[in-house]
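The sequence shown begins at 1 in UniProt numbering and counts up by one.
Beneath this line is the structure, given in structure tokens, with notes to follow.
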Amino acid sequence: MDSRIRPPRLASYLLQCYSERAQVDDLQGDIEELFYADVKLYGRFRAGFRYWCRVVSLVFSYTLVKRKKDAAFHHFSYTQFTPGMFKNYFKTAIRNLSKNKFFATLNVFGLAVGMSLSLLFVAMVVFVFQFDNFHPNRTRIYRVITHVQDRNENPSFASAPIGTAQLLTNNVSGVEKVVRVQGSLAHNVGVGDAKIPVRGYFVDAAYLSVFNFPLLQGNAMTALTKPNTMVITEAAAAKIFGTKDPMGQLAFIEPFGEVMITGVAKNVPKNSHMKFEALMSIETLTSHHGPSFTDDEKHWNTFTDSYTYLLLSHNAMPTGIERFLNDIAKEKYKTNDYKASFELQRLDKIVPGDALSNPIGDGWSYESMILNGMFPLIILLAACTNYVSLSISQSLKRMKEIGVRKVMGGQKHQIFTQFIVESTMIMLLALVLSYFLFEIVRDEALAIAGETDLVDLNPTLGTFVGFILFALFVGVVSGVVPALHFSKIVPVTALKGKALQTGKWTRMPIRKLVIMTQFILSLGFIMAVVIVIQQYRYSVNYDLGFEQNNILNVDLQQADPQVVKNEFGKLSFVETISMSSHALGAGSVPEVFVHAVGKTDSLAASTMSIDEGFMSTMGLTMIRGRNFSSDSIDNSRMIIINEVFARSISANPDDLKEYDAIGQVIMLPDKREVRVAGIVKDFHYASLNDRVGNFFFEYAPKDFVYANVHLAPTDALHAFSEMEDIWKSIGKETKFKSAYLSDQIRDTYGFYFVLVKIWGFMGMLAITVACLGLLGTVVFTVRNRVKEVSIRKVMGASSESLVYMLSKDFVILIIIASVITIPTVTYLMRKLLLTAQYYNVPIGAVEALVSLAIMLALGMTTILSQTWKAANTNPVDNLRVE
1 MDSRIRPPRL ASYLLQCYSE RAQVDDLQGD IEELFYADVK LYGRFRAGFR
51 YWCRVVSLVF SYTLVKRKKD AAFHHFSYTQ FTPGMFKNYF KTAIRNLSKN
101 KFFATLNVFG LAVGMSLSLL FVAMVVFVFQ FDNFHPNRTR IYRVITHVQD
151 RNENPSFASA PIGTAQLLTN NVSGVEKVVR VQGSLAHNVG VGDAKIPVRG
201 YFVDAAYLSV FNFPLLQGNA MTALTKPNTM VITEAAAAKI FGTKDPMGQL
251 AFIEPFGEVM ITGVAKNVPK NSHMKFEALM SIETLTSHHG PSFTDDEKHW
301 NTFTDSYTYL LLSHNAMPTG IERFLNDIAK EKYKTNDYKA SFELQRLDKI
351 VPGDALSNPI GDGWSYESMI LNGMFPLIIL LAACTNYVSL SISQSLKRMK
401 EIGVRKVMGG QKHQIFTQFI VESTMIMLLA LVLSYFLFEI VRDEALAIAG
451 ETDLVDLNPT LGTFVGFILF ALFVGVVSGV VPALHFSKIV PVTALKGKAL
501 QTGKWTRMPI RKLVIMTQFI LSLGFIMAVV IVIQQYRYSV NYDLGFEQNN
551 ILNVDLQQAD PQVVKNEFGK LSFVETISMS SHALGAGSVP EVFVHAVGKT
601 DSLAASTMSI DEGFMSTMGL TMIRGRNFSS DSIDNSRMII INEVFARSIS
651 ANPDDLKEYD AIGQVIMLPD KREVRVAGIV KDFHYASLND RVGNFFFEYA
701 PKDFVYANVH LAPTDALHAF SEMEDIWKSI GKETKFKSAY LSDQIRDTYG
751 FYFVLVKIWG FMGMLAITVA CLGLLGTVVF TVRNRVKEVS IRKVMGASSE
801 SLVYMLSKDF VILIIIASVI TIPTVTYLMR KLLLTAQYYN VPIGAVEALV
851 SLAIMLALGM TTILSQTWKA ANTNPVDNLR VE
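Below you can see the structure in the form of structure tokens.
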């Protein structure tokens, strides 16, 4: 046979690699003999294929697995896990941590800071996954949700047409009870002269038997069977009736008249997706609206008015009910330009669940939870990379320990377990410290996010279990990289002291990447906060085109506008007073479609209702035409438009004087025709988020919500006191409510404050973690180069040159991080933040320089705190042993 014919080399090499230290010479010899026999029978190529097949077969064979296992264990080693072995792991871990107190403390504190935000998220996750768990029948209760297919967004609604409830009642097997819920109960409850606002739902009588909202007083089966009956919570009972027994009491609710209190329920838990203060019988709506409330055609085409809940029998399948509903839907919507289908959503899948339009209450979708978890994860990853970097950096000190343990029979998995135990111990110590930080920031974090009434983060047994499991998981994951690094060290190399020279940065690019990434994150948060602060200052100081100072908006609360105007007008410190339907420049105003007679297309225009005194009170400038008049009967048939609107209906938009829009006929959405009486100079009627567009004022006293009081500069407390006294006689027993227009406008941009607090808090954590990581790396680098520094100093090097030598690599990393971060953050902020506000301040060099100065100050302080100390140390102390 030709001597050049040999088995495939790659297959033989792979078999040797996979076998590791196992003896496979006999097995390899057997398949090579078979190869040469196959060459004679089938030829070289087919023999090679059959050789490959035998190699693959050996790889998956029990014989080779057993040989590898036997070869992996030293004959002196004892590999079975016992309590004594774990005790030894803990002793060794404690001994190693005590020998390296500085790095152990640095790791614990860094991980604690990184975990503090993660504990908030873990507590939130534990809370969210307990939503609606207090309902015994939660696995049998379903909600009907609606999927609409149109040509645009194809929305999905948490609500469903009321016709679904009417159809399923007594028409489908497997449905025990059907509950209709209307979410429109938001009325003032009148008891005596007091009017107290309450929120809740109109519900079927079966609501209290399907859901577990126990009554402290009343009968759950009969409390809501009749019209004009209502169940209130403990808190609502105390708010409305005080210490008086509410049962059987009558309260007045507009427009339903007198309503009887037939039950008092326990306060609704925070982990309920339905939150209410009152439940009113849905028969109240039926009685009030008459046949129109149950009109079949109307209530199959309205998706947002009601919610339908079902209690299914124990063996009922929701898929059959879904098919029944969707068959009906095909018939109901066959002539519409949109289609709809229905799905049953189990109660315990609502929160957390998919994000749906028109939710019945505040809840948590999977998307919002992922978004909330991103920032804690980023901060925690930064802290964990610090731990990994510092652990591997100390490999030289532990090389001989690992080498001796391996020579004495220590196996890979035992070395691996030792480092996992050390990592877990550090993480549990960090958990204790991070829990104290969690207690400090918990309430403030909820207040910043505006979730105080929605989320309960008070620790429970489940929360503590979640914390411990989370810490153990993070400890294991963080310890994997160091454990793999140390467990793979060859004993001979370790005993010779040859290890990765961690002091040489060029051989550890991963550590450069870790530090640079942390400073990119830190600088990003700092720059984002600086940009948001600049944007907020720009917004609140922007010239909106009208008077803001000393304008007090008084909430009319259904008081007579003319009486309010007359009474407040008598006060000496009131300069002018007017009425309006909205607070000018604070938030949004309604947008309607109007039609200019003689024009082809309709126009979208924003509008608000004012009286004749509004122009002078707000300091608005009329360009042409006239204002509303107090003695004119034509006010309701005229409007005042802004310049943009005038240009939209003008034949010559560039010159309003040449073409006068005065007298143009405009058709409003209610089919009324009105004439343009005047043109007002453009101003910002809404927030700066929107561009100034078509706008008009109309005169509709029924829509007045605010009295706009222009106050003279005076003692504010005295003014408020007098106005409150007058309000007691004209306010129908309602509490005096007012706010300065400047404060309302400032509150419009309150989300900037929220961003500053959130991003500032994140930035503080990121900076702390980054500086701790930098400090640990600098300390370790300085310690490794202490003799080099001493020799250089003896040879005449100055302290400044030594500081430069030790610091330059770190400074370069901060500069590189800045070069990457500044353009990236600038681009992202322009795309994500500035595009949300039409009128904004451009991001310039100031924001970048301020952010960079803060970052350099923190980074250089951290670096110089160690390098300057090392450069000024007496070299004799370090060279004495030489």
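Don't be surprised by glycine CBs; every beta carbon is placed ideally from N, CA and C.
query                                                                                                                                                              : result
Going by the CB atoms, is the gap between A278 and residue 899 shorter than 8 Å?                                                                                   : Outside the displayed range of the chain (1 to 882) lies residue 899, so it cannot be described from this structure.
Is it a yes or a no for the stretch 711–724 touching the stretch 586–604, going by three-plus beta-carbon pairs under 8 Å?                                         : no
Got a sec, what are the start and stop residues for the alpha helix (DSSP H) I260 sits in?                                                                         : The identity of residue 260 in the sequence shown is Met, whereas the question assumes Ile. Premise fails: M260 lies in the beta strand (DSSP E), 257–265, not in any alpha helix (DSSP H).
Give the single residue among S687, G613, E591 whose Cα lies nearest to the Cα of I577.                                                                            : G613
Pair every Cβ in the stretch 838–852 with every Cβ in the stretch 520–528, then say whether three or more of these pairs are closer than 8 Å.                      : yes
Could you give the distance in angstroms between the alpha-carbon of G218 and the alpha-carbon of Y839?                                                            : 57 Å
From the DSSP output, in three-state form, read off Q249 for me.                                                                                                   : coil
Tell me Y307's beta-bridge partners as DSSP assigns them.                                                                                                          : V181
Pick from D747, L168, W868: whose alpha carbon is nearest that of L310?                                                                                            : L168
For H135, which three-state DSSP category applies?                                                                                                                 : coil
Starting from I730, trace the alpha helix (DSSP H) both ways and give me its first and last residue.                                                               : 716–730
Using only the alpha-carbon positions, how far apart do T734 and V564 sit?                                                                                         : 13 Å
Please name the residue, chosen from Q866, P823, V231, that lies closest to G776 on a Cα-to-Cα basis.                                                              : Q866
Locate the alpha helix (DSSP H) running through I360, then write down its first and last residues.                                                                 : Counting along the chain, I360 falls outside any alpha helix (DSSP H), and DSSP gives it neither H nor E.
Helix, strand or coil for M317? Go by DSSP, reduced to three states.                                                                                               : coil
Taking only the alpha-carbon atoms, compute the straight-line gap between E32 and K69 and give it to the nearest angstrom.                                         : 24 Å
Closest by CA to V59, which one among I633, L765, L15?                                                                                                             : L15
Assuming I639 contacts F697 (C-beta within less than 8 Å), just tell me the rounded distance between them.                                                         : 6 Å
I'd like to confirm the pairing. Which residues does DSSP put opposite E32 in its beta bridges?                                                                    : Looking at the DSSP assignment, E32 forms no beta bridge with any residue, so it has no partner.
Is it buried or exposed, I370, if we count other Cβ atoms within 10 angstroms and call 16 or more buried?                                                          : exposed
Looking only at its chain, what residues have a beta carbon closer than 7 Å to the beta carbon of G598, apart from the 5 residues adjacent to it on each side?     : none
Going by Cα to Cα distance, which pick from A238, D38, I816 is closest to K266?                                                                                    : A238
Using beta-carbon positions only, say whether V674 and I666 come within less than 8 Å of one another.                                                              : yes
Starting from the N-terminal side, write out each stretch of the beta strand (DSSP E) that is 3 residues or longer and does not extend beyond the stretch 325–407. : 339–346
So A206 and G263 are supposed to be a Cβ contact under 8 Å. How far apart are they, rounded?                                                                       : Actually they are not in contact, since the Cβ atoms of A206 and G263 sit about 14 Å apart, beyond 8 Å.
To the nearest whole angstrom, what separates the beta carbons of I253 and V189, a pair I think is in contact under 8 Å?                                           : 6 Å
Under the rule that 16 or more other beta-carbon atoms within 10 Å means buried, what is Y13, buried or exposed?                                                   : exposed
Quick one: measure Cβ to Cβ for P482 and F419, integer angstroms, because I've assumed they're closer than 8 Å.                                                    : 5 Å
Can you name the residues that DSSP bridges to residue 889?                                                                                                        : Nothing about residue 889 can be reported from this structure: the residues present for the chain run from 1 to 882 only.
Let me confirm a value: K330 is counted as buried when at least 16 other C-beta atoms fall within 10 Å, else exposed. Which label applies?                         : exposed
Any idea if K737 is buried or exposed, counting beta-carbon neighbours within 10 angstroms, 16 or more meaning buried?                                             : exposed
Judging by CA-CA distance, which residue of S313, A123, K570 is the nearest neighbour of G174?                                                                     : S313
Return the chain-ordered list of same chain residues with a C-beta closer than 8 Å to the C-beta of G43, the five sequence neighbours on each side being excluded. : none
Once DSSP output is grouped into helix, strand and coil, what is the label at E698?                                                                                : strand
Using only the alpha-carbon positions, how far apart do K91 and P459 sit?                                                                                          : 32 Å
To the nearest angstrom, how far is the alpha carbon of V128 from that of Q23?                                                                                     : 56 Å
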